[in-house]
Amino acid sequence: MTTPVLSVRNLTIDYIGAEKDFSAVKNVSFDIQPGELFGLAGESGCGKSTIAFAVSRLHRPPALIRKGSQILVDGRDVLTLNDEELRSFRWREVAMVFQSAMNSLNPVLTIEDQFYDVLRTHTDITRAQARERAAELLKLVDISPDRLSAYPHQCSGGMRQRIVIAICLALNPKLLIMDEPTTALDVVVQREILQRIDLLRKQLGFAVLFITHDLSLMVQVSDRIGIMLEGNLVEVNDAQTIYRSPQHDYTKRLWASMPKLHGAQITREAKS
Amino acid sequence: MSQSAPILALDKVSKIFGGKDKPVYAARDVSFALHSGRTLALVGESGSGKTTAARLIMREYQPDQGQLLFRGAPLGKSDAQAVKAYRSSVQMVFQDPFSSLNPAHTIRYHLERPLRLHQKGLNAAQRKAAVEELLTRVKLDPAIVMPKYPHELSGGQRQRISIARALAVNPQVIVADEPTSMLDVSVRLGILNLLNDMKAELGLALLYITHDIATARYVAEDIMVMYAGQIVEWGATDSVLENPQHPYTRLLLSAVPDPDRRFSEAGAELDQVETIRRQSALPQSEIRQISENHFIRPMPEER
Amino acid sequence: MPLLRQLLHNKKAVVGLTIIMLILLIAIFAPFLTEYSPTKRVGRPHQAPSWDHWLGTTRLGHDVFSRLIHGARVSLAVGFGAGLLITIIGTILGIIAGYKGGVIDEVINFFTNMVLVIPNLPLLLVLAAFIGQASPMVIAIILGLTSWAWGVRVTRSETLSIRQRDYVKSAEMLGEPGWRIMAFEIFPNLISIVGINFIGSVIFAVIAEATLEFLGLGDPNTVSWGIMLYNAQNASALSVGAWWDLLSPCFALALLGLGLALVNFAIDEIANPRLRTGGMLNRWTRMVHAGEGKL
Numbered sequence: 090m091t092t093p094v095l096s097v098r099n100l101t102i103d104y105i106g107a108e109k110d111f112s113a114v115k116n117v118s119f120d121i122q123p124g125e126l127f128g129l130a131g132e133s134g135c136g137k138s139t140i141a142f143a144v145s146r147l148h149r150p151p152a153l154i155r156k157g158s159q160i161l162v163d164g165r166d167v168l169t170l171n172d173e174e175l176r177s178f179r180w181r182e183v184a185m186v187f188q189s190a191m192n193s194l195n196p197v198l199t200i201e202d203q204f205y206d207v208l209r210t211h212t213d214i215t216r217a218q219a220r221e222r223a224a225e226l227l228k229l230v231d232i233s234p235d236r237l238s239a240y241p242h243q244c245s246g247g248m249r250q251r252i253v254i255a256i257c258l259a260l261n262p263k264l265l266i267m268d269e270p271t272t273a274l275d276v277v278v279q280r281e282i283l284q285r286i287d288l289l290r291k292q293l294g295f296a297v298l299f300i301t302h303d304l305s306l307m308v309q310v311s312d313r314i315g316i317m318l319e320g321n322l323v324e325v326n327d328a329q330t331i332y333r334s335p336q337h338d339y340t341k342r343l344w345a346s347m348p349k350l351h352g353a354q355i356t357r358e359a360k361s
Numbered sequence: 040m041s042q043s044a045p046i047l048a049l050d051k052v053s054k055i056f057g058g059k060d061k062p063v064y065a066a067r068d069v070s071f072a073l074h075s076g077r078t079l080a081l082v083g084e085s086g087s088g089k090t091t092a093a094r095l096i097m098r099e100y101q102p103d104q105g106q107l108l109f110r111g112a113p114l115g116k117s118d119a120q121a122v123k124a125y126r127s128s129v130q131m132v133f134q135d136p137f138s139s140l141n142p143a144h145t146i147r148y149h150l151e152r153p154l155r156l157h158q159k160g161l162n163a164a165q166r167k168a169a170v171e172e173l174l175t176r177v178k179l180d181p182a183i184v185m186p187k188y189p190h191e192l193s194g195g196q197r198q199r200i201s202i203a204r205a206l207a208v209n210p211q212v213i214v215a216d217e218p219t220s221m222l223d224v225s226v227r228l229g230i231l232n233l234l235n236d237m238k239a240e241l242g243l244a245l246l247y248i249t250h251d252i253a254t255a256r257y258v259a260e261d262i263m264v265m266y267a268g269q270i271v272e273w274g275a276t277d278s279v280l281e282n283p284q285h286p287y288t289r290l291l292l293s294a295v296p297d298p299d300r301r302f303s304e305a306g307a308e309l310d311q312v313e314t315i316r317r318q319s320a321l322p323q324s325e326i327r328q329i330s331e332n333h334f335i336r337p338m339p340e341e342r
Numbered sequence: 063m064p065l066l067r068q069l070l071h072n073k074k075a076v077v078g079l080t081i082i083m084l085i086l087l088i089a090i091f092a093p094f095l096t097e098y099s100p101t102k103r104v105g106r107p108h109q110a111p112s113w114d115h116w117l118g119t120t121r122l123g124h125d126v127f128s129r130l131i132h133g134a135r136v137s138l139a140v141g142f143g144a145g146l147l148i149t150i151i152g153t154i155l156g157i158i159a160g161y162k163g164g165v166i167d168e169v170i171n172f173f174t175n176m177v178l179v180i181p182n183l184p185l186l187l188v189l190a191a192f193i194g195q196a197s198p199m200v201i202a203i204i205l206g207l208t209s210w211a212w213g214v215r216v217t218r219s220e221t222l223s224i225r226q227r228d229y230v231k232s233a234e235m236l237g238e239p240g241w242r243i244m245a246f247e248i249f250p251n252l253i254s255i256v257g258i259n260f261i262g263s264v265i266f267a268v269i270a271e272a273t274l275e276f277l278g279l280g281d282p283n284t285v286s287w288g289i290m291l292y293n294a295q296n297a298s299a300l301s302v303g304a305w306w307d308l309l310s311p312c313f314a315l316a317l318l319g320l321g322l323a324l325v326n327f328a329i330d331e332i333a334n335p336r337l338r339t340g341g342m343l344n345r346w347t348r349m350v351h352a353g354e355g356k357l
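Chains as they are written, first to last, in the numbering used here: chain L, 90 to 361; chain C, 40 to 342; chain Z, 63 to 357.
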C-alpha cells in the first residue's frame with residue numbers, strides 16, 4: 090500500500106468574525122494517490138478553494154484551521170512546518186495554479202525572469218542553466234523558447250496559463266493543485282490545456298488536485314471525484330461511477346440541472 | 040416550417056474598428072432574424088463577435104455597413120418616435136447579476152422606473168400592483184423582495200429581477216447576454232426555464248447569447264455559430280449540433296466537455312486547431328444550404 | 063441610512079464625531095459658557111491660567127477661554143462653509159465630466175488642470191493681500207472658489223468606473239434622461255467619496271483660514287483661532303512665557319483636525335472592507351493564542 094501523495098484528515102476550517110464564525114470546511118478527509126488526478130467539485134462557497142489554499146498554507150486571517158486537522162503530503166504534516174520548512178516545501182513538493190493565474194505573472198518581468206525567480210529561490214542555479222531549464226519546460230507545454238524574452242501582456246490568456254503551469258512544474262513537484270485553472274478560458278483553449286496536463290501527468294508522474302464547478306469537465310479528466318456541499322464532502326467515487334450512478338441526492342440534483350449536449354435532454358426541474 | 044415575418048433582423052451588417060489600412064471586423068456581413076415565440080441562440084468563443092451583435096441590436100453601436108430592420112422597416116438614427124418605440128420593444132438581460140442592479144436602490148425602485156418612463160398613465164397604486172405582478176411572474180414573493188436592496192438577494196434572485204425589469208415595458212424582443220454563466224449550476228436551470236416560460240406566455244422573440252452550447256440546445260429552436268465576426272453555420276439547433284458541417288463548428292463541439300467521451304476519443308478537429316482558426320478568420324465563402332433549415336458559409340481551402 | 067448606522071458602530075467614527083459634536087456645541091453655546099466678552103479687557107495682561115480665567119489672558123487683557131470658544135464659531139463656519147462649497151463644485155463638475163465624456167469632459171479637465179496647477183497657498187496670499195483685510199466670509203469664498211480642483215479629479219475617476227456598470231447601461235436603454243442618471247443612479251454610489259472629499263475639504267479650509275489670518279491677512283477685529291495665533295505671535299507670547307496664549311488655539315485646531323481625520327478614516331474603512339484590521343481581528347488572535355487553530 091503506497092503512501093498517498095496527499096492525505097487530508099479531519100480538516101476543519103472556520104472564518105472567525107467579530108461575533109459569529111462561518112464554518113467553511115467541515116471535517117473533510119480524503120486521499121490522493123501518486124499520479125492520480127483527483128477532482129473536487131462543488132458550487133461557489135462549498136469550501137473547495139478553501140481546502141486548496143490550506144494545503145499550501147496560503148490562508149490569511151480571519152481563516153482558522155482548527156486543531157485536530159491534518160494535511161499530510163507524502164506522510165509529512167504540512168500544518169506543523171515552520172517558515173523555513175514551508176519555503177522548501179512550496180514549489181518543490183506542491184505547486185499551485187490559480188484561476189487568475191494569468192494575473193499572477195509579474196507584468197514587469199520577462200518570462201525568462203519569472204522562471205529564474207522561482208528556480209533561484211529554491212536551488213543554486215546559474216542564469217544560463219535557468220534559461221536552459223526554462224526552454225525545456227516551455228517545450229513541455231508546447232511553447233516556443235523564443236517566447237522567453239516576451240512580457241506577459243504580449244502573450245494570450247491561454248498561453249499565459251500554460252506558462253504558469255510550466256513554472257509550476259519547474260521543480261518536479263509531486264502534487265499540482267489547480268483551482269479553476271481554465272474557467273476563464275474558452276472551451277477550445279481549455280481542452281488543449283487539459284489534454285496537455287494529461288500528457289504531462291503520464292510523462293512526469295505527478296498527481297493533481299483539480300478544482301472546478303464544471304462537473305462534465307471533471308468527469309472527462311479525473312480518475313476520482315469528490316463532491317462538496319456547504320463544507321461537507323458528501324460523495325467520493327471514481328469518475329464514471331459519479332456520472333452513471335451517483336449516490337448522494339445532491340450529486341443527482343447537480344446532474345439533473347445540467348443540460349446535455351447530446352442524447353436525451355434533461356427534463357424540467359420543478360424547483361425555482 | 041412556416042414562420043411569420045421577423046420582428047427584428049440584421050441585414051448584412053458589418054462593424055469595423057481601426058483605421059483604413061488595418062480594419063478589424065468585429066462583425067462581418069452578419070444577417071439573422073428574430074421571430075416571435077422563438078429563441079435564437081448565438082454561440083461562440085470570446086472575441087467571436089457575439090457581444091458586438093448584442094450591442095448593435097441594443098443600438099450602442101451603429102452599423103458601418105448593412106442595416107437593422109425593425110418590423111420590416113430600417114431603423115434610422117434620427118426619428119425620435121421610432122427610437123422610443125424601439126427602446127420599449129427591445130430589452131436586455133445582462134450577464135453579471137452583481138452589476139446589473141444599482142446597489143443604492145430598492146428592488147421596488149428598479150421596477151417602478153421602467154413603468155414610470157413607459158406607462159405614464161398609471162397612478163401610484165396601479166404602479167405598485169404592476170410591480171407586484173411582475174415579481175410574481177418571475178416567481179418571487181413581492182412582499183419579501185420589494186423593500187430589499189440588491190446585495191441582500193442571491194445571484195439567481197437578482198437575475199430574476201433583471202428579467203422582471205426587462206418585462207416591465209412589455210417588450211417584444213429580449214436579448215439575453217450569457218444570463219446564467221455567472222450563476223451557480225443548481226440555479227441556472229430555473230432561470231432558463233423562466234426564459235422559456237416567458238417566451239411561450241408572451242410570444243417573445245429571444246436572442247440567447249452564450250458560450251455554453253449545451254444550454255443553447257436546451258432553450259433554442261435555432262442556433263448560429265460565430266467566429267471572428269462572421270456567422271459560419273446556422274439553422275435548426277438539432278440539425279446543426281447533430282450534423283455540424285463547418286470545421287469550426289466541429290472543433291467547438293469536440294471541445295465541449297462531454298462526460299460520455301474520454302479524452303482519448305478526441306475528434307480529428309482538435310489536431311488542426313491552428314489551421315481551422317486561421318482559415319475561419321478569413322472571409323468565408325458563399326452560403327451553402329445543407330438542408331431546409333441548415334446553412335453554412337464554407338471555410339476557404341488552404342492555399 | 064446604512065452608512066450612518068455603520069459609522070456609529072465604528073470606534074474611530076464615534077470618537078471623531080464626539081469630538082466634532084463637542085466643539086460644535088461649545089461654539090453654539092459660547093455666550094452661555096463664559097461671563098466674559100471676548101473683546102473686552104477683563105483682566106491684567108498675560109495672566110496665567112487661574113480659576114477666574116481658565117486659560118489666562120492675552121496681552122490686551124482679553125480672556126483666552128472666551129476668545130477660544132467664540133472663535134470656534136468663526137473657524138467652524140468658515141471650515142464647513144468653504145468645505146461645502148468646494149465639495150459641491152467638485153462633485154458636480156466631476157460627475158458631469160465623467161458621465162458626459164467627449165468635449166465637455168475635455169473642457170472641464172482643461173479648466174480643472176489649470177486650477178490644480180496654480181499653487182494654492184500663494185494664490186490665496188495674493189488674493190487676500192489684494193483685498194486687504196479679508197473678513198472670514200471673504201476668506202471662505204476665496205477658499206471655496208480656488209480649491210475644488212482635486213475633488214473634481216477624484217469624483218470624475220470614480221464616475222468613469224461606475225459609468226461602465228450594467229445598471230447605468232440599463233437606465234440608458236430604458237430612456238432615462240442624462241441628468242437623472244447622474245443624480246439618481248451615479249451620485250448615490252459616490253457618497254463615500256463625496257463624504258471623504260467633504261471632510262478633507264473642511265480640514266483644509268480650517269487650516270488655510272488659520273494660516274491666512276496668522277500671516278496677517280485677516281481682519282484683526284474678528285475673533286477666530288487664526289487671529290488668536292496672529293495676536294499671540296505679535297505679542298511674542300512664547301518668549302515672555304505666556305504659553306497659554308499661543309497653545310490654546312493650536313490645541314483647538316489640532317483637536318478639530320483630529321476629530322475630522324478620525325471620521326475620514328472610518329468612512330474609508332467602511333467603504334473599503336480590506337482596510338479593516340486590528341480591532342476586528344481580536345477574536346481570531348485570541349483563538350490562535352489559545353491553540354485552537356492556526357493559519
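Glycine included, C-beta positions come from ideal geometry on N, C-alpha and C. Note that the coordinates shown come from a computational prediction; the quantities given were computed from them, not determined experimentally.
Val186 (chain L) places its beta carbon 9 angstroms or farther from that of Val94 (chain L). Chain-order list of chain C residues neighbouring Gln354 (chain L): Arg256, Tyr257, by C-beta distance under 9 angstroms. About 11 angstroms separates the beta carbons of Ala296 (chain L) and Arg313 (chain L), which is beyond the 8 angstroms limit, so they are not a contact pair. Rounded to whole angstroms, the separation of the alpha carbons of Arg220 (chain L) and Val52 (chain C) is 49 angstroms. Between the stretch 200-207 of chain C and the stretch 126-135 of chain C, the count of Cβ pairs shorter than 8 angstroms is three or higher; the stretches touch. Non-local C-beta neighbours of Arg199 (chain C) in its own chain, meaning closer than 6 angstroms and more than five positions away in sequence, comprise Val177, Leu179, ordered along the chain. Between Ser70 (chain C) and Gly105 (chain C), the gap from beta carbon to beta carbon is short of 9 angstroms. Of the residues C:Ser319, C:Glu272, C:Leu321, the one whose Cα lies closest to the Cα of Arg327 (chain C) is C:Glu272. In the displayed model, Arg110 (chain C) falls within coil according to three-state DSSP, outside both helix and strand. Under the three-state reduction of DSSP, Ile316 (chain L) is assigned to strand.
C-alpha of Leu350 (chain L) to C-alpha of Arg256 (chain C): approximately 7 angstroms in a straight line. In its chain, beyond the 5 residues on either side, Pro45, Ala48 have a beta carbon closer than 6 angstroms to the beta carbon of Ala72 (chain C).
The residue from C:Leu309, C:Tyr247, C:Pro136, C:Thr276 with its alpha-carbon nearest to that of Pro189 (chain C) is C:Pro136.
Counting only the Cα atoms, Leu260 (chain L) lies some 7 angstroms from Trp180 (chain L).
As the crow flies, the alpha-carbon of Asp303 (chain L) is around 28 angstroms from that of Gln159 (chain L).
For Lys263 (chain L), there is no enclosing alpha helix (DSSP H), as DSSP marks it with neither H nor E. The three-state secondary structure of Val350 (chain Z), taken from DSSP, is helix. Arg317 (chain C): member of the alpha helix (DSSP H) spanning 312-320, first to last residue. At least one C-beta of chain C is nearer than 9 angstroms to the C-beta of Ala233 (chain Z).
Contact between Arg342 (chain L) and Ser225 (chain C) holds: CB atoms are separated by about 7 angstroms, below the 8 angstroms threshold. When CB distances to chain Z are screened at a threshold of 8 angstroms, the residues of the stretch 132-154 of chain L falling below it are Arg146, His148, Arg149, Pro150, Pro151, Ala152, Leu153, Ile154, in chain order.
Assigned with DSSP and collapsed to three states, Tyr339 (chain L) falls in helix. In the three-state DSSP reduction, Ser193 (chain C) falls in the coil class, being neither helix nor strand. Look at the stretch 211-232 of chain Z: the residues with a C-beta under 9 angstroms from a C-beta of chain C are Gln226, Arg227, Asp228, Tyr229, Val230, Lys231, Ser232. For Arg215 (chain Z), DSSP assigns no beta-bridge partner whatsoever. Taking the C-beta atoms as reference points, His108 (chain Z) is found nearer than 9 angstroms to Arg121 (chain Z). Here the alpha carbon of Ala299 (chain Z) sits roughly 6 angstroms from the alpha carbon of Leu308 (chain Z). Where Lys159 (chain C) is concerned, there is no enclosing alpha helix (DSSP H), because DSSP gives it neither an H nor an E. Taken through DSSP and simplified to helix, strand or coil, Thr78 (chain C) comes out as strand.
Separation of Met347 (chain L) and Ala259 (chain C) (C-alpha to C-alpha, rounded to the nearest whole angstrom) is 15 angstroms. Identification of residues in the stretch 303-314 of chain L having a C-beta nearer than 9 angstroms to some C-beta of chain C yields Asp303, Leu304, Ser305, Leu306, Met307, Val308, Gln309, Val310, given in sequence order.
Of L:Gly246, L:Ser177, L:Thr301, the smallest CA-CA separation from Ser311 (chain L) is found for L:Thr301.
Sequence-distant Cβ neighbours of Val350 (chain Z) in its own chain, meaning closer than 7 angstroms and more than five residues away, are Lys356. Cα atoms of Asp338 (chain L) and Glu132 (chain L): separation of roughly 15 angstroms, rounded to the nearest angstrom. Per the C-alpha coordinates, the member of Z:Ser137, Z:Leu87, Z:Ser112, Z:Asn72 positioned closest to Ala316 (chain Z) is Z:Ser137. Taking 8 angstroms as the cut-off between beta carbons, the residues of the stretch 161-175 of chain L near chain Z are Leu168, in sequence order.
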